[in-house]
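Notes to accompany the following structure.
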Amino acid sequence: LEFHTDLDSQSMKRIIIIGAGGFGREMLTWVRQSLAGSPVKGFLDDNLQALERFSKDVPVLGRVQDYQPCEEDLFVCALGRIEYKRQCIEQILARGGVFTNVIHPSVVLGEDVVFGQGVIICPYAVVGADAWLGDFTTVNIHSMVAHDAIIGRWTQLHCHVGITGGAVLGESVAVGSHASIQPGIRVGDGAVIGAGAIVMRDVPAGAKVFGVPARLELIQEVAGG
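Note that this note's numbering gives residue 84 to position 83 of the sequence shown, counting from 1, and the numbers run on in steps of one.
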């Protein structure tokens, strides 16, 4: 995996942010603070009127499904819903688009951290030594990924999340705000960790866990009739 935030290689490039919702509008500021050498060209969003109520100096350029990347474009995906995020990213990749990492200047990075492409690390996050973040992962404000932790592709960590030392998260895991994954715990692909949960046992793929300590969601079948 490569670290894609070399400003020299991005000279003359222009950033396109996928998603003009709340996270996208936050990302506009953070991109400007993180990638000062690359101006923002605009947003892609299915809602072409997404910015009508806001005073932004860049436009919605069009819908993801309609946009054809050009050589000057670098993409950042600011979408929170994993399935939709993945769908949009894969459409742009299939047309030859290139994604860059956004690592905010306030982030504290340990030594020998490994990043994939399209990684977003928001203000005041911490990533410890020898952690591994896969392609298109997002670490939101004030979250921590401790030493030797592994975060799989597409995974979303919301605000104030704690991923402690040696924890392993699979692909497409959603971790709610203020949740904590204890040391060495493994979380399977597609799992959902509820806000505020403390995860003290391994979580199977596709499971949803909530509470302190975190427990599997109980699903009760109600017979019709």
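Positions of the beta carbon are idealized from the N, C-alpha and C atoms, including for glycine. A quick note: this is a predicted structure, and the numbers were derived from the prediction, not measured.
| query | Touching or not, the region 114 to 134 and the region 54 to 71, by the rule of three or more beta carbon pairs under 8 angstroms? | reply | When Cβ pairs closer than 8 angstroms are counted between the two stretches, the region 114 to 134 is seen not to touch the region 54 to 71, the count staying below three.
| task | Tell me where the beta strand (DSSP E) around Phe76 begins and ends. | result | Numbered from 1 along the sequence shown, position 75 holds the residue referred to as residue 76. Note, Phe76: beta strand (DSSP E), 74 to 78.
| Separation of Leu94 from Val162, as counted between CA atoms | One-based indexing of the sequence shown puts residue 162 at position 161. One-based indexing of the sequence shown puts residue 94 at position 93. So the alpha carbons of these two residues sit roughly 29 angstroms apart.
| field | Local Cβ density within 10 Å of Val213, reported as buried at 16 or more and exposed below that | value | On the sequence shown, residue 213 is found 212 positions in, with the first residue counted as 1. Val213 is exposed by the Cβ-count criterion.
| query | Would Thr138 be called buried (16 or more neighbouring beta carbons within 10 Å of its own) or exposed? | reply | Walking along the sequence shown from the start, residue 138 turns up at place 137. By the 10 Å Cβ count, Thr138 comes out buried.
| query | Between the C-alpha atoms of Leu36 and Ile16, what's the straight-line distance to the nearest angstrom? | reply | Sequence index remark: in the sequence shown, residue 36 carries index 35 (1-based). Sequence index remark: in the sequence shown, residue 16 carries index 15 (1-based). The straight-line gap from Cα to Cα measures roughly 9 angstroms.
| request: Could you have a look at Lys86 and say whether DSSP puts it in helix, strand or coil? | output: To locate residue 86, count along the sequence shown from 1; it is residue 85. In the structure shown, Lys86 sits in a helix (DSSP, three-state: H, G or I).
| field | Cα-Cα separation, Gln66 to Tyr85 | value | Taking the first residue of the sequence shown as 1, we reach residue 66 at position 65. Taking the first residue of the sequence shown as 1, we reach residue 85 at position 84. The straight-line gap from Cα to Cα measures roughly 12 angstroms.
| Among the residues of its own chain, which have a CB less than 7 angstroms from the CB of Ala196, if the five just before and after it don't count? | As a position in the sequence shown, residue 196 is number 195, starting the count at 1. Excluding the 5 residues flanking it on each side, Ala196 has same chain C-beta neighbours closer than 7 angstroms at Gly177, Ser178, His179, Ala180, in chain order.
| query | Quick one, which of Ala206, Gln88, Cys78 has its alpha-carbon nearest Thr101's? | reply | By 1-based counting over the sequence shown, the position of residue 101 is 100. Restricting attention to Ala206, Gln88, Cys78, the CA atom closest to the CA of Thr101 is found in Cys78.
| task | May I ask you to list the residues that DSSP assigns as paired with Leu36? | result | Here residue 36 refers to the residue found at position 35 when the sequence shown is read from its first residue. In DSSP, Leu36 forms no bridge with anything.
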